[in-house]
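Position 336 (the first sequence) corresponds to 352 in the numbering used here; numbering is contiguous. Each residue gets a CB set at the ideal place from its N, CA and C atoms; glycine is no exception.
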Amino acid sequence: MEEKSLGFLENDSIENLREKIRHSTAHIMADVVTKIYPKTKLAIGPPTKDGFYYDFYVEDPITEDDLEKIEASMKKVMKQDLKFEYKEYSRSEILDMNKNEPFKLDVIKDIPENVPVSTYKHGDFEDLCGGPHVESTGMIPAFKLLSVAGAYWRGNEDQPMLQRIYGTAFESQEALDEHITKIEEANKRDHRNLAKQLDLFSYQDELGPGLIVWHPRGSKLRSTIEDFWKKEHIKYDYDLIYTPHIGKSTLWEISGHLDFYKENMYPVMDMDGQEYYLKPMNCPFHIMYYRNDIRSYRDLPIRIGELGSVYRNERAGVLHGLMRVRGMTQDDAHIFCRPDQIENEINKVLDLTFHLMKTFGFEKYEVMLSTKPDKSVGDISRWHIATESLKKTIVSRGLSYEIDEGGGAFYGPKIDINIEDAIGRLWQCTTVQFDFNLPERFGLNYIGEDGKMHQPYMIHRALLGSMERFIGVLTEHYGGAFPLWLSPVQVMVIPIADRHIEYSNTIARKLFDFDFRVEIDTRKERMNAKIRSAQMSKIPFMLIIGDKEESTNTISIRHRGGENLGAMPFDDLLNKLQSDRDLLK
RNA sequence: GCCCGCAUAGCUCAGUGGUAGAGCGCGUUCUUGGUAAGAACGAGGUCAGCAGUUCAACUCUGCUUGUGGGCUCCA
C-alpha cells in the first residue's frame, strides 16, 4: 500500500480515528449503492465496534456476489479523493432535501426542533449526518465488505425489512489483515466445527431442530462438568433434587406460564383427559418441593438445585449450535430465604459462581445489574431491598458493573454475568434473579419467629446457564484443546506393534483404576499415524509403548503440544498425570 | 417469525440440461513401524424431500425441510 500522509489529527485516539474512517466508508458505500441500484432508499449507516454497516431499502435483494462490484466502485470514489463537506440546513430545507427518503424523514422527525441539522457531502452524494468524517474519500487506508443481512428498520419487526451490508475499515492494511485473521481464528474455534472434529455431539434432521445428540466423547465432557457441579453445590450447602419433564396444566396455570410464556412452550399433550405440558422452566417443580412441607424460619435458607432439562420453542431463526437450542439442561437452583439472609445468600451465589468459572478457566467478567421495569409485580419495598442487596454485594467485592435501568424482569431485579473467553468475546451464562411473582402465585410461606406467616424471598439462579451453551463456550474458549481434567479422552495409549498391545492394556487398566479416561489405539497403523489422529482429536497425553518400554518397564509420554517427555516408570507417569489433572481444582 | 445464501459419499468439498468425482474416513491385503499421514485394491450416493418445466433435471422453477449470515426475540 502506498504511503501517504493521511492528515489525521495527531491527538485522535485510535478509536476516534477508526470511527471516522468507518463512518466515512459507510457513506462511500451508500453513495455507490444508490448509483448501482437507483431505486434504493437510504436508512442509516453507523460505525460499530468492529466495522460499520449501512441499511438500504432496495427492490431486488443485494447478495454477497454483489459485494465485489460495490467494493470496486467504492475504490473509484476513494481514488477521486473527494472532500467530505459539512453543511448545516434549516429544518424545512432538510425535509425538502429528503422528501423521497422516507427513512431519513423518520430520523429527522426525532431530531429536536432547535438543533441544527447537518449533512456531509462528498461528490454529489449528500447524507444526513452528524459526523465526524475524515477529510476526503482518499483517506480510507483499508476496507472490506464482509456480508449482507436482513435487518428491520429501527430493529422493529413490524417495520419494513431492509438489506444491511456489513463491512469494516482500518487505519492501515496491516490492521485490517489482523482483523481478518482474527475472524478466521474465531471461525476455527467454532464449536460446531470442533464438535465434528472431536466427535462431541450432533443434531439431525429427523430429530428436529435445536435438539442435541450427545456423542460418547461429548457426554464424557458433559458428565465431568456435571459431576464437578454437583460436588461443588453440595459443598456450598445445596440440596439436589430430580423433577419430571412434564407437568399438568394446573401447575402452569398457577405459575402463570400459560398466560405469559405459552408461545415458548411446546404444545399441549393430552393424557386421559388431562392436559400436560413439557417444562420450559424448573421453578414450579422446585416450588412443589418447598410447598410439600410447612417451613419454619429455622429451615431457611433452603437451596434446591437440579440439572433440569427444559424445552422451549425458540423461534427457528435464532437456533445456533449449542448456543441456542430448544432442549437444554439448566444448572438451575432456587433459594428460599428470609429478608435478613438475602445478602449472605447473594454473596454465597457469587462465591460459587466465581469459584466455578475460575476452575473452568475464565478470569474476566462483566457484571450487569438490571433494575425494576415500569411494568412489574411485587411490593416496592421488596424491590428496593433486593436491588440494594445485589448492588451492595457487587460493590463489596470490588466488581465493576453496569446498571441496566428498568432492564429487570417484571418479577424481580437480577444480576447477569458475562464471561470473557480466550479471544475476548463475552458470553452471558450466569444469571441471578429475584422472583416476587411465584412465591405470591403459589402462596409460599414460612412461620416466622413471631409465629406468623411470612412470604420467603425467592432467588432463581443458573451459574453455567445451560450445559449446552456452557459447553459451547468452553469449546470455543479452549479451541477444543480442553485442560486435562475436562478432556473427554485424557490419555491415548499407542502400542507401536501388535506385540505391545498386552503391555499397553495393563498400563491402560492401571490408569483406568485411577479414574483416568484412557483409550488404546490398536489399529493396524504405524505409530506416526496413531499419534497424528490423537493429535487431531486434541487428546492431552499419548503414551508410546514399544520394545524399549516393555524391556525397561517404562512408558514414553508425549504431550499434544508436541513435547516428547521421555520414558518413565508407571509411578512417575501416574504422579505427573495426577498433578496435572488437579492443577486447577 | 422475517431477509438473503446454502444443501452432492460418514466428513471436507469439486462438478455438468444427456442418470456423478476428489481427499480424508471405512473394508480387505501387504507392511510391525520410534514421536503429526506406509502402500495397493475395494465398498459406499434416489445429488435433502415433494411438485412443475423439458424428449431428458443432480443441474432450471416453485413449495417443504434442514442449515449458515443477520434482524427480532431471549421468563
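- Query: If we count Cβ pairs, one from each stretch, closer than 8 Å, do we get three or more for the segment 285-300 versus the segment 252-269?
  - Reply: The segment 285-300 makes contact with the segment 252-269; the number of CB pairs closer than 8 Å reaches 3 or more.
- Report the partner residues of A513 according to the DSSP bridge assignment. As far as DSSP is concerned, A513 takes part in no beta bridge.
- DSSP state of K137, grouped into three classes? Correct three-state label for K137: strand.
- With 16 other CB atoms within 10 Å as the buried threshold, where does K20 fall? Confidence at K20 is low in this model, with a pLDDT of 40, below 50, so the placement of that residue should be treated as unreliable; the coordinate-derived value is given next. Exposed.
- Consult DSSP for E19 and reduce its assignment to one of helix, strand or coil. In this prediction, E19 scores a pLDDT of 36, lower than 50, which makes its location untrustworthy; the coordinate-derived value is nonetheless stated afterwards. Of the three classes helix, strand and coil, the one that applies to E19 here is coil, per DSSP.
- Message: Give me, in chain order, the residues of the same chain whose beta-carbon lies closer than 7 Å to that of D215; leave out the 5 immediate sequence neighbours on both sides.
- Response: Counting only Cβ-Cβ distances below 7 Å, and skipping sequence neighbours, we find H231, R233.
- Going by alpha carbons, who is nearest to G440 out of S134, G496, K380? With respect to the C-alpha of G440, the residue from S134, G496, K380 having the closest C-alpha is K380.
- Item | E565 vs A545 beta-carbon contact at 8 Å | At the C-beta level, E565 and A545 stay beyond 8 Å of one another.
- Query: Any chance the segment 384-395 sits against the segment 418-436, with 3 or more Cβ pairs inside 8 Å?
  - Reply: By the Cβ criterion, the segment 384-395 is in contact with the segment 418-436, since at least three pairs of Cβ atoms, one from each stretch, lie closer than 8 Å.
- Start-to-end residues for the beta strand (DSSP E) that takes in F72: Run containing F72: 68-73, per the beta strand (DSSP E) assignment.
- Between the segment 74-86 and the segment 43-54, do at least 3 Cβ pairs fall closer than 8 Å? Three or more Cβ pairs drawn from the segment 74-86 and the segment 43-54 lie within less than 8 Å of each other, which places the two stretches in contact.
- Message: Looking at the strands, I want to know which residues DSSP matches up with M297.
- Response: M297 pairs with nothing; no bridge assigned.
- Per DSSP, N580 is paired with what? Paired residues: R574.
- Message: One question on the structure: do S325 and Y292 come within less than 8 Å of each other, judged by their Cβ atoms?
- Response: It is not a contact, given that the beta carbons lie outside the stated cut-off.
- Bridge-paired residues (DSSP) for H336: Per DSSP, the beta-bridge partners of H336 are R340.
- Item | Beta carbon of A438 nearer than 8 Å to that of H371 | Note that the C-beta distance between A438 and H371 is not below 8 Å.
- Query: Is it the case that the Cβ atoms of I110 and L144 are separated by a distance below 8 Å?
  - Reply: Yes; because the gap between Cβ atoms is below 8 Å, this pair is in contact.
- Task: For E484, count neighbouring C-beta atoms within 10 Å of its own C-beta (all shown protein chains included) and say buried if the count is 16 or more, exposed if not.
- Result: Buried: at least 16 other Cβ atoms inside 10 Å.
- Task: Quick one: residues in its chain with C-beta nearer than 6 Å to the C-beta of P504, no 5 flanking neighbours on either side, listed in chain order?
- Result: Answer for P504: R233, K236, L237, listed in chain order.
- So, using beta-carbon positions, are F100 and H138 closer together than 8 Å? Closer than 8 Å, so yes.
- Query: Which whole-angstrom value is the C-beta distance of D71 and A167, which I expect to be below 8 Å?
  - Reply: Contact holds; Cβ gap of about 6 Å.
- Skipping 5 residues on each side, what residues in its chain have a beta carbon closer than 8 Å to that of I463? Result list for I463: I310, R311, S312, Y313, M469, H470, in chain order.
- Looking at the structure shown, is M552 part of a helix, part of a strand, or coil, going by DSSP? In this structure, M552 counts as helix in the three-state DSSP scheme.
- Query: Which term fits E322, buried or exposed, when burial requires 16 or more other beta carbons within 10 angstroms of its beta carbon?
  - Reply: Buried: at least 16 other Cβ atoms inside 10 Å.
- Query: What is the DSSP secondary structure of M469, counted as helix, strand or coil?
  - Reply: DSSP, read as helix, strand or coil, puts M469 in strand.
- Identity of the residues DSSP links to F14 by a beta bridge: It is not possible to answer for residue 14, since the shown part of the chain is limited to 17 through 601.
- Item | Length at least 3, wholly inside the segment 392-469: the beta strand (DSSP E) runs in chain order | Whole beta strand (DSSP E) segments, 3+ residues: 417-420, 430-436, 442-451.
- In chain order, what residues of the same chain lie with their CB nearer than 6 Å to the CB of R477, ignoring the 5 residues before and after it? Excluding sequence neighbours, R477 sits near A349, V365, V448.
- Message: Please report the distance separating the alpha-carbon of R328 from that of M281.
- Response: As the crow flies, the alpha-carbon of R328 is around 5 Å from that of M281.
- Query: Count the other CB atoms within 10 Å of the CB of P176; is the residue buried (16 or more) or exposed (fewer)?
  - Reply: Exposed: under 16 other Cβ atoms inside 10 Å.
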